[in-house]
Amino acid sequence: MSRKKTVSVENFRARVEELSGENVFACYQCGMCAAGCPLTEEMDRLPSQVIRDLQLNDITLLDSNAMWVCASCLACEVRCPKGVDLAKLMEALRQLHLRKELDHVSIDEMSQQEIAKLPQIALVASFRKKTG
Amino acid sequence: MSEEKMMQIFIMGKAYDVPVGVTIMDAMEYAGYRFVRGAGCRSGFCGACATVYRKEGEYRLEFALACQEMVEEGMHLTQLPFTPAPRSSYVLSELDADENVLLQHYPAIARCVSCNTCTKACPQDIEVMDYVQAALRGDLKKVSELSFDCIQCGLCSMRCPADIKHSHLAQMARRLYAVTQSPEPDHLKTRMSELAEGIHEVQLDALMKMNLDELKKQYAARVIEAEGEES
Amino acid sequence: MNTIPYFPGCSLKDTATGFESSAQFVMETLGLRLQELERWNCCGTVTSLTTDDLMHHLASVRNLVRVQDLHESELVALCSMCYNTLARTAQRINADPVERDKINQFMDRESSYEGTVEVRHLLQVLRDRIGWETLAQATPITLEGLKVACYYGCTLLRPKEAAIDNTEKPTIMSEAMAAAGATSVPFPFAGECCGTYQVVDRRDLSIERSFRVIQSALRAGANVIATACPLCQHNLQEAQKELGHVQGLADIEIVYFTELLAAAMGMDPQRLPEGLNVLIQQTAEAQTGWGGS
């Protein structure tokens, strides 16, 4: 559903490349990014699959949770033998949602008790990555 | 009436000729608009008459209080009668000022990108962005001091890309600072004890007993504190 | 005393005050005072990674402008997230006159940013400007016997352009610890992610990551973890609280690296974490017991 709002199918890969500044075809699927990613267990698509899906212009990628589980730790970025910055691709995917006001974290639904337990450094970072 | 110098302005897209040297509010009333909402003290204190305008040939929107800003030739005007900005409810005595209490009540402050648009929108010349930043790090004193002149017109919140409720959070910070950190001022203590002793009871009683005509007479004869005079 | 412009960041004024006070003590002792910027705003905490999103770099650039206004060209940060965000923005905006011009036009009330400020982490200042020799000489109290796991996390090491040391095999914090007489124990999770801001809406995830980091340090034989990040510290401590029943997990101290250095330099123990004082005392007693009997 959110697909229609965020980006058209024809434009999907091009838009992600534009936002990220990365060339997804530089990737030769060695899997190094997935091997080093600390959060793959939580992702419904592996980091390397995210790039593969982009190569194939598979817009269902927007429904994946990978971009929201990614913590921008950049373990993939420093290890990619082809210099593809996957963190930037993940950010571009998040931005496609966030720029249409499709927030992933709902500030209104957070209770004061929840916020009281969190340091502002976590809140600022989370809101920057997950609200638009 | 002597001949007045006139100039042309635009109100909500329509041209009007209004006298030179009047405020935006006066000009709009001259043009026939009646302020049912969006006007209050007419003295720059209440913050009810937040207004947006653009000057001829300028690219940026300007913000002001309609009762304070003078009209200029070619001004394009509109009124913002109200800024919808939800206010968090709290019981002051139950709050713990040591925790990230402002964040709990106004979490959107964590979304500030330091764009400074709030500061630019402020008709009171407050460093709004700086107090939001101070709020983020829990510095109640700094928020209170920086926001002291706020009249809660809401223009900052209207412009904020992060949807922060500036004036409400600043008010909360000032209240908290007053009850938890700042020393209680002497004049306030004196006044409170005077009130407790009932020094105004006599005057109030006298007023309550007056009929309408007597009240009108009193009102007309009232002494208004002159500007700059020590009270 | 010489000074260096210093950016504290929100956490150091709130949840991580011990990080700031210990660092100030260390730097005063070494004769280079941290001069807090008079006016500063949140660094942004995370770097915006898209090509067109300059808005989210504004916060960092404003702080760089404050440094420029002091006629200085160097800014030091303690919090590793602040360091990373400020450093990455400085690198991007310093190198790109077109983007710099756009930002300057937007921030029309600020002085124009010329692109001359560089951002350093305190560890870099200690290594490059003070030197480990000098540091060692300033630590009368030895931390001998203390087994420190130097936890770098993400933001001191990645990306490469912002790394304060080798991204895969950093030694800078261990060198600082060695100068204070402590033993640094290598552990495989030194550069792994703690789960970072996921703690806000995926706490399970940050607890799990942080748990693995602590366990890795424990298995390497550490009795204290040194960090440079208030968010890492928060997440590790949350994991300790949540999984305190796991053998040994709650026993390990998690402190800022500056607190260890300050302890070695004789900072008033009352201003240091209680657990750290106990640990240092126990370690010292064990050391004398070993050597003296």
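Protein chains in written order, with our numbering: chain A, 1 to 132; chain B, 1001 to 1231; chain C, 2001 to 2293.
Even for Gly, the Cβ is constructed at its ideal location relative to N, Cα and C.
None of these values were measured; they are calculated from a predicted model.
Query raised in the report: residue 2223 of chain C: buried (16+ other C-beta within 10 angstroms of its C-beta) or exposed?
Result: That one is buried.
Query raised in the report: With 9 Å set as the bound, which would you pick, yes or no: does the beta-carbon of residue 72 of chain A sit closer than that to a beta-carbon of chain B?
Result: no
Requested in this report: Would you mind telling me which residues of chain B sit closer than 9 Å to residue 2109 of chain C, beta carbon to beta carbon, in chain order?
Outcome: Within chain B, the residues whose beta carbon sits less than 9 Å from that of residue 2109 of chain C are 1116, 1119, 1120, listed in sequence order.
Query - Listed by chain order, chain B residues near residue 2014 of chain C by CB distance under 8 Å - result: 1100, 1137, 1138
Report task. With DSSP collapsed to three states, give me the class of residue 2224 of chain C. Result -> Strand at residue 2224 of chain C.
Query raised in the report: Taking buried to mean at least 16 other C-beta atoms within 10 Å of its own C-beta, is residue 1070 of chain B buried or exposed?
Result: exposed
Query raised in the report: Is the shortest distance between the beta-carbon of residue 13 of chain A and the beta-carbons of chain C less than 9 Å?
Result: no
Query raised in the report: Name the DSSP beta bridge partners of residue 1054 of chain B, please?
Result: Looking at the DSSP assignment, residue 1054 of chain B forms a beta bridge with B:1076.
Query raised in the report: Are the stretch 2273-2284 of chain C and the stretch 2235-2244 of chain C touching by the rule of at least three beta carbon pairs closer than 8 Å?
Result: No, the stretch 2273-2284 of chain C does not touch the stretch 2235-2244 of chain C.
Query - Whole-angstrom distance between residue 130 of chain A and residue 73 of chain A, CA atom to CA atom - result: 15 Å
Query - Inter-residue spacing [alpha-carbon to alpha-carbon] between residue 2004 of chain C and residue 2054 of chain C - result: For residue 2004 of chain C and residue 2054 of chain C, the gap between their C-alpha atoms comes out near 28 Å.
Query raised in the report: In the DSSP assignment, what are the bridge partners of residue 2120 of chain C?
Result: C:2076
Query raised in the report: Cβ of residue 2081 of chain C less than 9 Å from any chain B Cβ?
Result: no
Query raised in the report: Which one of A:55, A:71, A:50, A:75 has the shortest CA to CA distance from residue 63 of chain A?
Result: It is A:50.
**Report entry** beta strand (DSSP E) runs wholly inside the stretch 1062-1133 of chain B, at least 3 long, in chain order
**Finding:** List check, beta strand (DSSP E) in window: 1062-1065, 1076-1079.
**Report entry** Cβ neighbours of residue 2292 of chain C in the same chain (closer than 8 Å, five flanking residues each side left out)
**Finding:** The pLDDT assigned to residue 2292 of chain C is 43, lower than 50, so where the model puts this residue is not dependable; a value taken from the coordinates is nonetheless given after this. Once the five neighbours on either side are set aside, residue 2292 of chain C has no close Cβ partner at all.
Query - In chain order, each alpha helix (DSSP H) run of at least 4 residues that lies wholly inside the stretch 45-101 of chain A - result: Segments of the alpha helix (DSSP H) lying fully in the stretch 45-101 of chain A: 47-55, 66-69, 75-79, 86-98.
Query raised in the report: With respect to the alpha helix (DSSP H) encompassing residue 1201 of chain B, which residues constitute its N-terminal and C-terminal limits?
Result: 1201-1209
Query raised in the report: How many whole angstroms separate the CB atoms of residue 2198 of chain C and residue 2205 of chain C, which I take to be in contact at a CB cut-off of 8 Å?
Result: 5 Å
Requested in this report: Return yes when at least one heavy atom of the ligand COA lies under 8 Å from the C-beta of residue 1168 of chain B, else no.
Outcome: The model on display carries no ligand, and the ligand COA is accordingly not part of it.
Query raised in the report: Does the pairing of the stretch 1206-1218 of chain B with the stretch 1128-1147 of chain B give three or more beta-carbon distances under 8 Å?
Result: no
Query - Same chain, Cβ closer than 8 Å to residue 20 of chain A, five either side skipped, listed in chain order - result: 85, 88, 89, 91, 92
Requested in this report: Assess, as a yes-or-no matter, whether the stretch 1172-1192 of chain B is touched by the stretch 1155-1164 of chain B under the definition of 3 or more beta carbon pairs within less than 8 Å.
Outcome: Contact between the stretch 1155-1164 of chain B and the stretch 1172-1192 of chain B is absent: fewer than 3 CB-CB pairs across the two stretches fall below 8 Å.
Query raised in the report: Under a three-way DSSP split, which group does residue 2150 of chain C fall into?
Result: strand
Report task. Using 10 angstroms around the beta-carbon of residue 2057 of chain C, count the other beta-carbons present and answer buried if the total reaches 16, otherwise exposed. Result -> buried
Query raised in the report: Around the C-beta of residue 1191 of chain B, are 16 or more other C-beta atoms found within 10 angstroms, so that it is buried, or is it exposed?
Result: exposed
Query - Three or more C-beta pairs below 8 Å linking the stretch 2019-2032 of chain C and the stretch 2133-2143 of chain C - result: Contact between the stretch 2019-2032 of chain C and the stretch 2133-2143 of chain C is present, because at least three Cβ pairs lie under 8 Å.
Query raised in the report: Taking only beta-carbon atoms, is residue 3 of chain A less than 9 Å away from chain C?
Result: Low local confidence applies: a pLDDT of 48 at residue 3 of chain A is under 50, so the model's placement there is unreliable, with the coordinate-based value given in what follows. No, its Cβ sits nowhere closer than 9 Å to a Cβ of chain C.
Query raised in the report: Is the Cβ-Cβ distance between residue 1181 of chain B and residue 1140 of chain B less than 9 Å?
Result: yes
Query raised in the report: Which residues in chain A sit within 7 Å of residue 1234 of chain B, going by Cβ to Cβ distance?
Result: Given that chain B is displayed from residue 1001 to residue 1231, the structure contains no residue 1234 of chain B and the question cannot be resolved.
Requested in this report: Pull up the distance between the alpha-carbon of residue 1004 of chain B and that of residue 1223 of chain B, whole angstroms please.
Outcome: 33 Å
Query raised in the report: DSSP beta-bridge partners for residue 1014 of chain B?
Result: B:1011
Query raised in the report: Any C-beta of chain A sitting closer than 9 Å to the C-beta of residue 1111 of chain B?
Result: Residue contact check for residue 1111 of chain B against chain A: a CB pair falls below 9 Å.
Query raised in the report: Whose C-beta lies closer than 7 Å to the C-beta of residue 1122 of chain B among residues of the same chain, with five residues either side of it excluded?
Result: 1128, 1155, 1156
Query raised in the report: What did DSSP end up calling residue 1172 of chain B once you bin it into helix, strand or coil?
Result: Helix at residue 1172 of chain B.
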